[in-house]
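**Q** If you use the working numbering, the sequence shown corresponds to residues 14 to 517, in order. Glycine included, C-beta positions come from ideal geometry on N, C-alpha and C. Note that the coordinates shown come from a computational prediction; the quantities given were computed from them, not determined experimentally. Handing you this structure, nothing more for now.
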Amino acid sequence: MLVTTFSIFTGCSNDIVYAPIDEDFCAQIHFNDPHPLSKQLAPFEEIAISKTGVYSLEEGDNSMIARAWLCESAEKTIDIQYFIFSADNIGLIAIDYLLRAAERGVKVRILVDDIMVEADADELLALDSHPNFSIKIYNPAVNIGKNLPEKLFGLATNFRGVNQRMHNKTCIVDGTVVITGGRNIADEYFDYNHEYNFRDRDVLLIGKSVSEVSSSFALFWNSELSVPVTTIVNAKDYELNTETKIEYVHQYACDPLNFWPQVREKIRSVPVAFQNIQETGDLVWVEKVSFISDLPGKNDGSAGLGGGGVCTDSLVSFIQNAKESIYIQSPYLITTELSQRIFQEAIQRGVRVNILTNSLASTDNLEAFNGYQRERENLLKIGINIFEFKPDAAIRYEVMTGALQKEIDFTPIFGLHAKSMVIDNEIAVIGTFNLDPRSANLNTECVTVIYDDQISNTLLISIKNDLKPENAWQITLFFNPDSEAGSLKQFKAWLRGVVPKSIL
């Protein structure tokens with residue numbers, strides 16, 4: 014059984030007596046010999062000037078291990094930007110890797126959205142007190158450093174501001190490699206949750222386009238909306254016990270019980286695995302890759318809960334210029350008259366539009382499902398081919414960690430969280446953008462656009478695989494699988510009908 018915590022340093026005090034660290038296990042998950050990133054990337058030095066290496070991360074454990082590899086290999090900087098950075102099993106392991114990098118002299122900067130931060134103020138301050146660790150909070154309106162009256166006042170007086178969140182997700186190492194895509198840092202995005210896990214997708218980039226990601230991070234880091242945690246709360250008001258708390262994180266991450274056995278085996282072979290993706294051609298070098306990100310604040314707010322953004326305009330343009338086919342994966346599918354008209358115009362041009370979203374049985378967001386449910390019939394009448402993901406999709410045995418579900422009866426609900434698009438089998442889009450008004454108008458988003466037939470075809474094969482009957486239901490005017498979720502969940506979804514679609 015995995016240990017799950019809800020505070021970064023649960024139970025820490027100066028009086029804690031730790032069990033000895035399992036040095037043998039630590040040696041398995043951390044490199045004893047130096048594996049500097051510059052040395053590993055040296056063979057690509059020339060090609061990386063003009064092209065971008067692209068590798069899709071479909072499996073949760075591989076995506077986690079790729080991040081571990083980058084942290085272990087980092088030499089200069091690690092820049093982290095996430096909507097959710099949970100203080101659960103995955104979160105604690107991630108913090109351990111980041112702290113170990115900082116202890117080697119790597120400068121670590123973490124920018125996280127305020128609304129989903131689970132850690133207490135003293136825990137954030139303890140991490141930030143490390144000389145190589147800096148933490149900023151994006152739009153700290155209602156959580157960190159706020160008491161209940163302050164939170165309620167913010168909700169009442171600044172409704173749009175409170176709802177404008179940073180949904181970007183990037184991990185940049187030494188300005189040369191980046192991982193970006195749908196995954197947040199939490200158990201359910203990396204196959205570690207015992208009740209609910211996501212089918213998600215990230216993309217690893219090496220070379221030319223990484224500079225665009227770094228520029229976007231710099232804009233957010235230097236924005237007035239991104240506030241140092243030391244400005245939000247006063248360290249003098251807390252007893253930090255920094256060394257004790259950091260030791261707790263290292264102890265936790267060196268406990269073999271907190272890693273799936275299959276993950277331990279893969280971590281040991283990371284350098285070999287990276288060499289393998291080079292030799293097999295899975296790392297594809299592409300001439301044209303664009304990283305598109307909204308600006309901090311999304312838009313000027315003059316349109317209230319509307320206003321669009323850079324990502325919204327770009328994705329609309331792709332749909333409007335499609336000639337043959339559009340394949341989309343989006344966990345949430347909440348459309349407006351405008352978005353329905355854009356899809357209808359594409360279909361009238363002869364474009365086939367196929368969208369996979371969550372079913373009521375697989376969704377983690379009843380409000381969002383209700384927003385989709387209200388317009389589902391209209392979308393079908395327009396001519397969109399709609400598929401809904403199954404909570405027990407067979408694909409989970411391929412993209413979740415090994416065969417754990419079979420070995421230990423590990424059968425959580427499996428929900429869709431990947432946000433991807435393929436246009437005319439020529440353009441692949443992997444990012445954070447959901448097909449809903451919140452992504453379109455409120456949350457800042459980012460997407461990687463890859464103009465390459467090979468990458469597009471590989472992504473299309475993956476999406477089409479998810480559309481197969483063993484993974485998804487095809488919806489018609491006469492059939493939907495809502496009843497598969499049970500009467501209670503159907504009733505709860507119906508109750509969410511009071512929430513305006515504009516803020517879903």
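Are the beta-carbon atoms belonging to ILE347 and ASP449 less than 9 Å from one another?
**A** Contact flag set, yes.
**Q** Are the CB atoms of ASN478 and ILE397 within a distance shorter than 9 Å?
**A** Not a contact, by the Cβ cut-off of 9 Å.
**Q** Quick check: what's the CA-CA separation for SER78 versus GLU358?
**A** Note on residue identity: the sequence assigns Ile, not Ser, to residue 78. Distance between the alpha carbons of ILE78 and GLU358: 43 Å.
**Q** Would you check if the distance between the CB atom of ASN171 and the CB atom of THR325 is smaller than 9 Å?
**A** No, they are not a contact pair.
**Q** In whole angstroms, what is the alpha-carbon distance linking GLY321 and ASP200?
**A** Cα-Cα distance, rounded: 31 Å.
**Q** If you measure between the beta carbons of ILE368 and ILE341, is that distance less than 9 Å?
**A** For ILE368 and ILE341, yes; Cβs fall inside 9 Å.
**Q** Ignoring anything shorter than 3 residues, give me the beta strand (DSSP E) runs that lie fully in the stretch 171-257, in order along the chain.
**A** 183-186, 190-194, 209-212, 215-220, 239-241, all fully within the stretch 171-257.
**Q** For LYS336, which residues in the same chain have their Cβ closer than 6 Å to its Cβ, ignoring the five residues on either side in sequence?
**A** Once the five neighbours on either side are set aside, the close Cβ partners of LYS336 are ASP437.
**Q** Determine the direct distance from the alpha carbon of ARG362 to that of ASP2, and round the result to whole angstroms.
**A** Outside the shown range of the chain, which is 14 to 517, sits residue 2, and nothing can be said about it.
**Q** For SER496, does the count of other Cβ atoms within 10 angstroms reach 16, so buried, or fall short, so exposed?
**A** So SER496 counts as exposed.
**Q** Quick check on the DSSP output: the alpha helix (DSSP H) that includes ASN478 runs from which residue to which?
**A** Taken as a continuous stretch (DSSP letters only), the alpha helix (DSSP H) holding ASN478 covers 466-479.
**Q** Taking the beta strand (DSSP E) that GLU401 belongs to, which residues open and close that run?
**A** That run of the beta strand (DSSP E) goes 398-402.
**Q** Just mark GLY510 as buried or exposed, buried being the case when its beta carbon has 16 or more other beta carbons within 10 Å.
**A** Exposed, since its Cβ has fewer than 16 Cβ neighbours within 10 Å.
**Q** To the nearest whole angstrom, what separates the beta carbons of ARG556 and ALA431, a pair I think is in contact under 8 Å?
**A** For residue 556 there is no data in the structure shown, the boundaries of the chain being 14 and 517.
**Q** Does the separation of the CB atoms of PRO344 and THR376 fall below 9 Å?
**A** The answer is yes: Cβ separation under 9 Å.
**Q** Please return the same chain residues whose Cβ sits closer than 7 Å to the Cβ of ASN206, not counting the five positions on each side in sequence.
**A** Excluding residues within five positions, the ones whose Cβ falls inside 7 Å are ASP200, PRO425.
**Q** Please report the residue range of the alpha helix (DSSP H) in which VAL412 lies.
**A** Run containing VAL412: 409-412, per the alpha helix (DSSP H) assignment.
**Q** How is the beta strand (DSSP E) around MET77 delimited, first residue to last?
**A** Careful: MET77 lies outside any beta strand (DSSP E), inside the alpha helix (DSSP H) at 73-86.
**Q** Taking the alpha helix (DSSP H) that TYR385 falls in, what are its first and last residues?
**A** Where TYR385 is concerned, the enclosing alpha helix (DSSP H) stretches over 379-395.
**Q** Tell me whether PRO309 is buried or exposed, calling it buried when 16 or more other Cβ atoms sit within 10 Å of its Cβ.
**A** Looking at its Cβ environment, which holds 16 or more other Cβ atoms inside 10 Å, PRO309 is buried.
**Q** Report yes if the C-beta distance between LEU373 and GLU401 is below 9 Å; otherwise report no.
**A** In this structure, GLU401 lies closer than 9 Å to LEU373 by Cβ.
**Q** Of the residues PHE356, TRP486, ALA55, which one's Cα is nearest the Cα of VAL371?
**A** Looking at the sequence shown, residue 371 is not Val but Asn. With distances taken between Cα atoms, ASN371 lies closest to TRP486.
**Q** Distance check for GLU136 and VAL262, CA to CA, integer angstroms please.
**A** One C-alpha to the other measures close to 11 Å.
**Q** What is the C-beta distance between ILE532 and VAL242, in whole angstroms, given that I count them as a contact (C-beta under 8 Å)?
**A** Any answer about residue 532 is impossible in this case: the structure gives the chain only from 14 up to 517.
**Q** Pull up the DSSP beta-bridge partners for VAL323, would you.
**A** Paired residues: none, contrary to the question.
**Q** To the nearest angstrom, report how far apart LEU15 and ILE259 are at their CA atoms.
**A** Residue placement at LEU15 cannot be trusted, given a pLDDT of 32 that sits under 50; what the coordinates show is reported in the next sentence. Distance between the alpha carbons of LEU15 and ILE259 is about 21 Å.
**Q** What is the rounded straight-line gap between the Cα of ASP307 and the Cα of ILE198?
**A** Those two C-alpha atoms are separated by around 21 Å.
**Q** Assuming ALA498 contacts SER469 under a Cβ cut-off of 8 Å, what Cβ separation, rounded to an integer in Å, is found between them?
**A** Incorrect: roughly 33 Å between the Cβ atoms, too far for contact.
**Q** Does DSSP put ASN371 in a helix, a strand or coil?
**A** Three-state DSSP puts ASN371 in a strand.
**Q** Here's a check: name, in chain order, each residue in its chain whose Cβ is nearer than 7 Å to the Cβ of ALA416, leaving out the five neighbours to either side.
**A** Any reading at ALA416 must be qualified, since the residue scores a pLDDT of 48, below 50, and its modelled position is unreliable; the value itself is stated next. The residues are TYR410.
**Q** Would you mind sorting LEU6 into buried or exposed? The rule is 16 or more other CB atoms within 10 Å of its CB.
**A** Here the chain covers residues 14 to 517 and nothing more, so residue 6 does not appear.
**Q** For THR193 and ASP92, I'd like the C-alpha separation in whole angstroms.
**A** Approximately 12 Å, taken between the alpha carbons.
**Q** What's the gap between the Cα of ILE355 and the Cα of SER327?
**A** Near 13 Å, if we compare the C-alpha coordinates of SER327 and ILE355.
**Q** Hey, out of PHE382, GLY428, ILE219, whose CA is closest to PHE504's CA?
**A** It is PHE382 whose Cα lies nearest to the Cα of PHE504.
**Q** Rounded to whole angstroms, what is the Cα-Cα separation between ASP133 and VAL246?
**A** Those two C-alpha atoms are separated by around 11 Å.
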